[in-house]
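Each remark here refers to the structure printed beneath this line.
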Amino acid sequence: MPQTSAPRPQTPPWWQRGVIYQIYPRSFQDSDGNGVGDLEGVTARLDYLNDGTPESLGADAIWLSPFYPSPMADFGYDVADYCGVDPLFGTLEEFDRLVREAHARGIRVVVDLVANHSSDRHRWFVESRSSRNNPKRHWYVWADPKPDGSPPNNWMSEFPRVGRAWTLDEATGQYYFHSFLPEQPDLNWWNPEVREAMDGVMRFWLDRGVDGFRVDAAHRIATDPELRDNPLVETGEAEPRRDENWPEVHAILRRFRRTLDGYGAAPGERMMMSETYLNDLASLVRYYGEAGDEFHLVQNFLFLRQPWLATGFRAVVDGFEAALPPGAWPDYFLNNHDHSRVASRYDEHAGASRAGKGPARARVAAMLLLTLRGTPLLYQGEEIGMTDVPVPPERATDIAGRDPERTPMRWDDSPTAGFTTGEPWLPIGSDAERVSVAAQRDDPASMLSLYRRLIWYRKASPALLHGSYRPLGSAPEGVFAFLRAVEEERLLVALNFTGGPLDLDAGALGQTGRLELSTDPNRSDGESSMRPLALGPDEGVVIRLA
Ligand code: GLC
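So the sequence shown is numbered by my numbering: it starts at 345 and just counts up by one.
Pasting the structure below:
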């Protein structure tokens with residue numbers, strides 16, 4: 345009789361194993377000297393991201409911020425054609441080549457799906473605003489003014505400088521709704537034609553071989569069809585906001601997911617992740633879907649609100665772990681193109697002429713990101729410890745003040761950082777020395793070396809990839825310590841969030857452990873006493889337990 349062997353444990357899908365690297369195409373690599381990054385530039389840097397060896401960063405996937413035709417009022421997050429490439433960034437053929445070259449290196453490609461709104465130059469909106477009777481009128485959210493001429497309700501734009509989320513179209517006498525800029529009218533997701541059109545957009549990119557989508561402003565896609573006012577003060581669940589997190593959003597996302605699942609040879613082959621700014625964890629985790637049928641990865645923005653405190657970071661992780669529905673997979677990130685860089689955000693006491701604590705803390709943050717249970721998302725430039733670059737008012741471009749974290753990637757120490765041969769669209773910054781790939785590549789003490797070590801170590805560690813997570817209750821204040829374990833491997837991660845040395849009593853875990861990694865380049869690996877485990881100032885360690 346043929347022997348039936350025990351089913352092999354399923355290999356987790358790529359989006360659970362891998363590191364997802366976010367590329368902001370404008371600022372990654374310019375290939376034609378116009379000062380703006382482009383798709384050919386990304387292709388040229390793929391070996392840096394992953395050439396299959398630990399000499400490279402080891403990214404498993406890239407998430408590309410928008411490169412679609414756009415008037416660039418919000419730098420591509422105002423899409424004028426969902427199925428094309430802006431000439432500034434290249435051509436569709438160049439996109440196809442990028443996908444081919446990425447796949448040849450085992451790098452997956454995730455693109456941004458800006459479903460909540462289009463550009464006001466999108467032909468859908470041009471038609472929609474042309475008359476009240478236009479067939480596309482109800483593809484967007486139009487409403488009459490109040491009797492006194494004021495906007496239909498009290499909804500506000502997400503960008504404080506914009507103010508009201510409504511703009512009057514003089515010609516047709518109605519207001520249209522925009523969650524962001526007036527140049528970004530919200531699509532009307534109650535209209536089935538809009539749902540069908542976006543299916544078509546997803547298919548267009550899936551047919552070209554993309555591995556997934558990051559859905560922009562996912563929590564805002566559906567809004568109250570009756571357009572009622574938001575409650576004036578946050579009064580909790582009884583009075584939910586009416587301009588975001590509207591229940592119908594989940595039906596729309598399930599539809600996205602069905603479209604996505606229609607592609608790919610195996611379940612989980614293609615991936616969908618959210619942008620979801622929701623502080624309430626119960627609401628947030630609903631975006632995984634009640635039957636696991638919405639997002640594979642739900643972005644949790646709570647790290648970005650944490651001051652540099654072990655207790656705060658631990659509370660976010662413990663809270664997320666506890667809130668996750670069965671089978672849901674967490675993911676973590678420390679910033680993106682909308683948020684201050686880690687080395688700057690935590691750089692208290694920085695003086696005008698010297699760096700403060702940011703660089704040391706950014707190393708601890710890197711270790712945290714790469715050792716937690718969950719998929720790490722890494723924003724370009726974080727791996728070399730880039731800081732927010734002050735942008736003088738005359739060069740400022742973004743209405744929401746996000747230029748400093750969007751300045752070009754620093755490839756070398758030349759005046760234009762190897763990013764462009766032309767004039768970069770945003771300044772490079774003056775402390776480029778050492779904060780560049782070229783300066784750090786061969787320096788074992790550099791941030792880049794630390795990131796590479798962490799990423800490649802993680803790839804080879806079953807405990808880090810899919811082990812359990814258990815916080816260590818006995819850690820002293822200021823230390824976030826946790827165990828990651830599978831049957832064959834147990835690792836202790838201990839992160840000192842303070843600027844002084846601290847002892848962790850880890851004796852209950854054994855007499856000694858093997859120090860595998862430290863954020864302190866001067867500490868060498870080898871046996872380490874656990875009674876107590878000594879941590880240097882701002883030091884994080886990974887210890888292998890016997
Ligand atoms: C998301 C993007 C941000 C953009 C906004 C409007 O938050 O990350 O950059 O401004 O959506 O599309």
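Cβ atoms here follow ideal geometry from the backbone N, Cα and C, with glycine treated the same way.
Quantities reported herein were computed from a predicted structural model and do not represent experimental measurements.
Legend entry - Entirely enclosed beta strand (DSSP E) segments - the stretch 701-787, minimum 3 residues: Runs found: 719-723.
Inset, instruction - Using beta-carbon positions only, say whether G420 and W769 come within less than 8 Å of one another. - result: Not a contact, by the Cβ cut-off of 8 Å.
Inset, instruction - Let me know if N497 comes out buried or exposed under the rule of 16 or more other beta-carbons within 10 Å of its beta-carbon. - result: Counting Cβ neighbours within 10 Å, N497 comes out buried, since at least 16 surround it.
Inset, instruction - Please work out which residues of its chain come closer than 6 Å, Cβ to Cβ, to I543, disregarding the five sequence neighbours upstream and downstream, and give them in chain order. - result: For the record, residue 543 in the displayed sequence is Asp; it is not Ile. Within the same chain, D543 has close Cβ partners T603.
Inset, instruction - Could you name the residues that DSSP lists as bridge partners for A825? - result: As computed with DSSP, A825 is found in a beta bridge with A838.
Inset, instruction - Between the Cα of F524 and those of N460, G556 and W486, spot the shortest distance and give me the residue it belongs to. - result: When C-alpha distances from F524 are compared across N460, G556 and W486, the shortest belongs to N460.
Inset, instruction - Can you grab the Cα-Cα spacing for the pair A405 / D882, in whole Å? - result: If you take the alpha carbons of A405 and D882, they lie about 30 Å apart.
Inset, instruction - Assign D864 to buried or exposed, taking buried as 16 or more other Cβ atoms, counted over all protein chains shown, within 10 Å of its Cβ. - result: Buried, by the Cβ-count rule.
Inset, instruction - Answer yes or no: the CB of Q528 versus the heavy atoms of ligand 1, is any distance below 7 Å? - result: Yes, Cβ of Q528 sits closer than 7 Å to a heavy atom of ligand 1.
Inset, instruction - Pick out whichever of R585, V363, E399 and L408 has its Cα sitting closest to the Cα of D382. - result: Ranked by how close their Cα comes to the Cα of D382, the residues R585, V363, E399 and L408 have L408 in first place.
Inset, instruction - Going by DSSP, name the residue or residues bridged to Q366. - result: Answer is W407 and Y723.
Inset, instruction - State the Cα-Cα distance for the pair L716 and W468, rounded to the nearest angstrom. - result: The alpha-carbon atoms of L716 and W468 are separated by roughly 43 Å.
Inset, instruction - Starting from the Cα of D530, find the closest Cα among W486, E634, D849 and S793 and give me that residue. - result: Among W486, E634, D849 and S793, the Cα nearest to that of D530 is on W486.
Legend entry - Cα-Cα separation, A448 to G671: Each residue's alpha carbon lies about 31 Å from the other.
Legend entry - With 16 other Cβ atoms within 10 Å as the buried cut-off, status of E527: With 16 or more Cβ atoms within 10 Å of its Cβ, E527 is classed as buried.
Inset, instruction - Using the DSSP secondary-structure output, state which residues sit across from A417 in a beta bridge. - result: Answer by DSSP bridge pairing: none, since A417 is not bridged.
Legend entry - Any non-hydrogen atom of ligand 1 closer than 7 Å to Y723 Cβ: Checking every heavy atom of ligand 1 against the Cβ of Y723, none is found closer than 7 Å.
Legend entry - Euclidean distance between Cα positions of P356 and P669: Rounded to the nearest angstrom, the two C-alpha atoms are 17 Å apart.
Legend entry - Nearest neighbour of A890, chosen from W800, R481, L836 and L848 [CA to CA]: Of the listed residues, the one whose Cα sits closest to A890 is L836.
Legend entry - Residue environment, T765, which counts as buried when at least 16 other CB atoms sit within 10 Å: So T765 counts as exposed.
Inset, instruction - Give me the Cα-Cα distance between D440 and L393, rounded to the nearest whole angstrom. - result: Linking D440 to L393 through their CA atoms gives a straight-line distance of about 18 Å.
Inset, instruction - Evaluate contact between the stretch 428-446 and the stretch 817-828, counting only Cβ atoms and requiring at least three cross-stretch pairs below 8 Å. - result: With the cut-off at 8 Å, the stretch 428-446 and the stretch 817-828 do not touch.
Legend entry - Those runs of the beta strand (DSSP E) which lie wholly inside the stretch 431-470 and span at least 3 residues: If one requires a minimum length of 3 residues, the beta strand (DSSP E) runs lying completely within the stretch 431-470 are 452-457, in chain order.
Legend entry - alpha helix (DSSP H) segment containing G385, residue limits: From DSSP, the alpha helix (DSSP H) with G385 extends over L383 to A388.
Legend entry - Straight-line gap, M730 to W359 (C-alpha atoms, nearest Å): Cα to Cα, the separation comes out at about 26 Å.
Inset, instruction - Measure from the alpha carbon of V423 to the alpha carbon of each residue in E726, V545, R505 and E871, then state which is nearest. - result: Answer by Cα proximity: V545.
Inset, instruction - Starting from E665, follow the alpha helix (DSSP H) in both directions and report where the run begins and ends. - result: Counting along the chain, E665 sits inside the alpha helix (DSSP H) bounded by residues A654 to A667.
Inset, instruction - Buried or exposed for V642, please, with buried defined as at least 16 other CB atoms from any protein chain shown within 10 angstroms of its CB. - result: Buried, by the Cβ-count rule.
Inset, instruction - Give a single yes or no on whether V642 has its beta carbon closer than 7 Å to a heavy atom of ligand 1. - result: No; taking the cut-off as 7 Å, the Cβ of V642 has no heavy atom of ligand 1 nearer than that.
Legend entry - Straight-line Cα distance separating G725 from R754: So the alpha carbons of these two residues sit roughly 7 Å apart.
Inset, instruction - Give a yes or no on contact between the stretch 823-831 and the stretch 793-801, applying the rule of three or more CB pairs nearer than 8 Å. - result: Output reads no: the stretch 793-801 does not touch the stretch 823-831.
Legend entry - Element boundaries [alpha helix (DSSP H), containing D605]: Taken as a continuous stretch (DSSP letters only), the alpha helix (DSSP H) holding D605 covers E592 to D605.
Legend entry - Among A417, L839, P410 and D757, the one whose alpha carbon lies nearest that of G656: Looking at A417, L839, P410 and D757, the one whose alpha-carbon comes closest to that of G656 is L839.
Inset, instruction - Please report how far the alpha carbon of D732 lies from the alpha carbon of P479, in whole angstroms. - result: Answer to the nearest angstrom: the Cα atoms are 46 Å apart.
Inset, instruction - Quickly, what does DSSP pair A878 with across the bridge? List them, please. - result: According to DSSP, which records beta bridges pairwise, A878 is partnered with D847.
Legend entry - A807 - DSSP class collapsed to helix/strand/coil: Note: A807 maps to helix in three-state DSSP.
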